[in-house]
Amino acid sequence: MNRYFNAIFPRFNVPGPMKAFSPLFYQAILSCGFCFTATAQISPVAFNEKGDTVSGVVFHKDSDQRKLDTWRVRPLKNGCYLNGVSTLDLVLISKHILGLEPLGSPYKMIAADAALPATSGISTFDIVELRKLILGIYNNEDTDLSNDWPNGNAPSWRFVDKSYIFPDPSNPFAPSFPEFKTVTAPDLLVDFVAIKTGDVNNSAIVSCLEANDECHAFERPVGEVAWYEPQRNALKSGEYYTLPVYAGGDKSLIAWQTALRFDPDLLELIGPSIGDLPDLSVDNFNLAQAGEGIIRALWFAQPGEEDAALQPGQVLFYLTFRTKQEIAATTSLLKTDDKLMSNLGWTNEGSVFHVKMPALEAVEYRGEVVTPVAVRCRPNPGSGEITFDIIDLPQAKRAQLNVLDAFGRRVWSRDLSKESGPLQIVVPEAASWPAGVYHWELRHDRARTRGTFIRQ
265 MNRYFNAIFP RFNVPGPMKA FSPLFYQAIL SCGFCFTATA QISPVAFNEK
315 GDTVSGVVFH KDSDQRKLDT WRVRPLKNGC YLNGVSTLDL VLISKHILGL
365 EPLGSPYKMI AADAALPATS GISTFDIVEL RKLILGIYNN EDTDLSNDWP
415 NGNAPSWRFV DKSYIFPDPS NPFAPSFPEF KTVTAPDLLV DFVAIKTGDV
465 NNSAIVSCLE ANDECHAFER PVGEVAWYEP QRNALKSGEY YTLPVYAGGD
515 KSLIAWQTAL RFDPDLLELI GPSIGDLPDL SVDNFNLAQA GEGIIRALWF
565 AQPGEEDAAL QPGQVLFYLT FRTKQEIAAT TSLLKTDDKL MSNLGWTNEG
615 SVFHVKMPAL EAVEYRGEVV TPVAVRCRPN PGSGEITFDI IDLPQAKRAQ
665 LNVLDAFGRR VWSRDLSKES GPLQIVVPEA ASWPAGVYHW ELRHDRARTR
715 GTFIRQ
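Numbering (the numbering used here), first residue to last: 265 to 720.
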């Protein structure tokens with residue numbers, strides 16, 4: 265016996281107690297030497313954990329070959345992978361993994377399970393994968409045929425039969441939860457709980473129907489904070505310049521995400537490097553479109569170490585550029601772009617703030633003003649050994665000259681506690697270091713002088 269099914273989505277109101285639903289009608293055409301038609305009215309609905317109806321869900325129905333009045337209904341909603349997913353979700357998942365603040369519901373735990381294979385449980389690998397998604401390293405648009413988000417083979421949304429009771433709510437992955445519902449006439453009302461992958465604070469836009477700007481995670485901010493670039497002199501063509509990006513405002517941020525633009529006709533990005541924040545590495549950046557003038561970055565304080573939050577006046581990170589043209593001292597080099605990524609920062613209380621970057625001439629707080637230092641590193645840039653010229657080093661109880669790579673790993677050090685006066689220090693080891701951006705710092709008792717050099 266062959267069965268053929270047509271799904272009809274009516275656009276009219278249904279009278280009586282079914283009025284609140286948009287029924288899904290299935291017409292089963294049975295072929296068995298003669299034909300007859302049996303019509304079943306199934307009314308599936310999907311809600312998120314807060315009870316909001318989720319739009320754009322497609323409900324697939326399979327019949328039971330042995331029972332004409334029994335169907336298996338399976339919801340599906342794909343695309344908009346970034347919907348509801350932000351750096352705050354990474355903070356909450358990290359706290360859950362460390363046992364500091366459990367997510368509190370099996371649905372949030374399922375949302376945190378973002379890495380393939382799905383339903384394998386929650387781990388730091390889920391954080392790694394979601395971080396790549398937020399940074400745009402993985403595609404999130406369902407219209408992109410080259411989508412390389414590993415979980416793209418699984419639905420962006422997952423669904424659980426609302427009537428299902430988890431045997432162990434603290435571990436919804438064992439046994440496997442049902443992502444379908446079997447219904448038998450006349451009881452054809454079906455409710456599902458919809459779970460957006462990666463969204464553990466229920467910020468996803470439930471009315472999102474397709475991949476567009478309205479579907480990107482953008483929680484309603486309670487205020488604004490700002491990034492700033494410092495005052496500087498005019499830049500000559502071919503010059504190397506290391507730009508510190510400062511935090512302004514009066515808020516301490518335990519997490520932030522930002523998308524920055526610079527003019528690729530004026531600047532070539534050599535690379536980012538660590539500022540005042542711990543645990544910042546190259547994995548916190550997406551530089552794949554740096555040639556187009558686009559930089560994406562995010563960071564969050566490790567759970568339990570909120571004292572390491574970004575404070576006003578601190579440096580998020582440094583960006584080293586080579587100039588392609590002369591640039592006036594009043595020209596802003598960076599600006600935020602919310603179309604690339606929602607520029608957001610979060611406090612320890614969970615409040616979210618919109619991040620902006622004022623034009624240079626409008627800046628009121630500028631962080632440090634760049635001033636000459638008493639140490640010179642030459643040649644800069646260079647490809648062999650380097651030499652430090654210290655103009656005048658006063659006698660100190662403790663003095664040390666360090667060289668760090670772009671993300672803060674010390675690659676060379678010299679104790680200068682017994683030295684004073686003008687010094688010339690040659691570092692032949694630099695000839696074997698990999699090309700890139702390096703920082704040097706002279707610690708002199710409680711004072712510190714810093715600089716940057718480029719190894720070609």
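Note that CB positions come from ideal geometry on N, CA and C, so glycine has one too.
Residues near residue i in its chain [Cβ-Cβ closer than 8 angstroms; skip 5 each side]
| i | result |
| --- | --- |
| residue 484 | 616 |
| residue 683 | 657 and 663 |
| residue 568 | 362 and 364 |
| residue 298 | Only weak support is given to the placement of residue 298: the predicted model assigns it a pLDDT of 30, under 50, and the value that follows is read from those uncertain coordinates. Contacts found: none. |
| residue 357 | 367, 376, 386, 390, 391, 394 and 464 |
| residue 428 | 441 and 442 |
Close beta carbons around residue i, own chain, < 6 angstroms, minus the five adjacent residues each side
| i | result |
| --- | --- |
| residue 538 | 544, 671 and 672 |
| residue 717 | 641, 644 and 702 |
| residue 217 | The first residue shown for the chain is 265 and the last is 720, placing residue 217 beyond what the model contains. |
| residue 798 | Examination of residue 798 is not possible in this model, given that the chain is present from 265 through 720 alone. |
| residue 708 | 660 and 663 |
| residue 572 | 542 and 565 |
| residue 623 | 596 |
Residue(s) in a DSSP beta bridge with residue i
| i | result |
| --- | --- |
| residue 459 | 422 |
| residue 681 | For residue 681, which the question treats as bridged, DSSP gives no partner whatsoever. |
| residue 528 | Residue 528 pairs with nothing; no bridge assigned. |
| residue 642 | 651 |
| residue 608 | 521 and 618 |
| residue 689 | 652 |
| residue 537 | 582 |
| residue 487 | 617 |
| residue 722 | No statement about residue 722 is possible, as the shown extent of the chain runs from 265 to 720 and does not include it. |
| residue 308 | 454 |
| residue 564 | 519 |
| residue 556 | Residue 556 pairs with nothing; no bridge assigned. |
| residue 317 | 311 |
| residue 717 | 702 |
| residue 499 | 591 |
| residue 664 | 679 and 707 |
| residue 550 | 560 |
| residue 510 | 492 and 579 |
| residue 544 | None; residue 544 has no bridge partner. |
Residue environment, residue i, which counts as buried when at least 16 other CB atoms sit within 10 Å
| i | result |
| --- | --- |
| residue 308 | buried |
| residue 388 | exposed |
| residue 704 | buried |
| residue 319 | exposed |
| residue 443 | buried |
| residue 493 | buried |
| residue 560 | buried |
| residue 722 | Lying outside 265 to 720, the shown extent of the chain, residue 722 is not represented and no answer is given. |
| residue 508 | buried |
| residue 315 | exposed |
| residue 440 | exposed |
| residue 740 | This structure cannot settle anything about residue 740, because the visible part of the chain is limited to 265 through 720. |
| residue 536 | buried |
| residue 529 | exposed |
| residue 546 | exposed |
| residue 534 | buried |
| residue 422 | buried |
| residue 350 | buried |
| residue 487 | exposed |
| residue 699 | exposed |
| residue 420 | buried |
Integer-rounded CB distance, given that residue j should sit under 8 angstroms from residue i
| i | j | result |
| --- | --- | --- |
| residue 354 | residue 395 | 6 angstroms |
| residue 519 | residue 564 | 4 angstroms |
| residue 607 | residue 522 | 5 angstroms |
| residue 667 | residue 458 | With a Cβ gap of about 53 angstroms, residue 667 and residue 458 do not count as contacting. |
| residue 490 | residue 621 | 6 angstroms |
| residue 548 | residue 562 | 6 angstroms |
| residue 460 | residue 375 | 6 angstroms |
| residue 595 | residue 503 | Not a contact, Cβ separation roughly 14 angstroms. |
| residue 449 | residue 333 | 4 angstroms |
Nonlocal neighbours in the same chain, by C-beta distance under 7 angstroms from residue i, ignoring five residues either side
| i | result |
| --- | --- |
| residue 471 | 319 |
| residue 425 | 442, 445 and 456 |
| residue 649 | 690, 691, 692, 694 and 695 |
| residue 359 | 365 and 567 |
| residue 313 | 369, 371, 457 and 466 |
*Taking one C-beta from the stretch 504-517 and one from the stretch 550-559 each time, how about it: are there three or more such pairs within less than 8 angstroms?*
no
*Are three or more beta carbon pairs between the stretch 495-508 and the stretch 591-600 nearer than 8 angstroms?*
yes
*Segment contact, 8 angstroms Cβ cut-off, at least three pairs: the stretch 429-436 with the stretch 392-404*: no
*Would the stretch 682-698 and the stretch 599-618 be scored as touching if the rule is three or more Cβ pairs under 8 angstroms?*
Contact between the stretch 682-698 and the stretch 599-618 is absent, with fewer than three C-beta pairs closer than 8 angstroms.
*asked:* Does the stretch 578-589 come into contact with the stretch 366-379, if we say contact requires no fewer than three beta-carbon pairs (one atom in each stretch) closer than 8 angstroms?
replied: no
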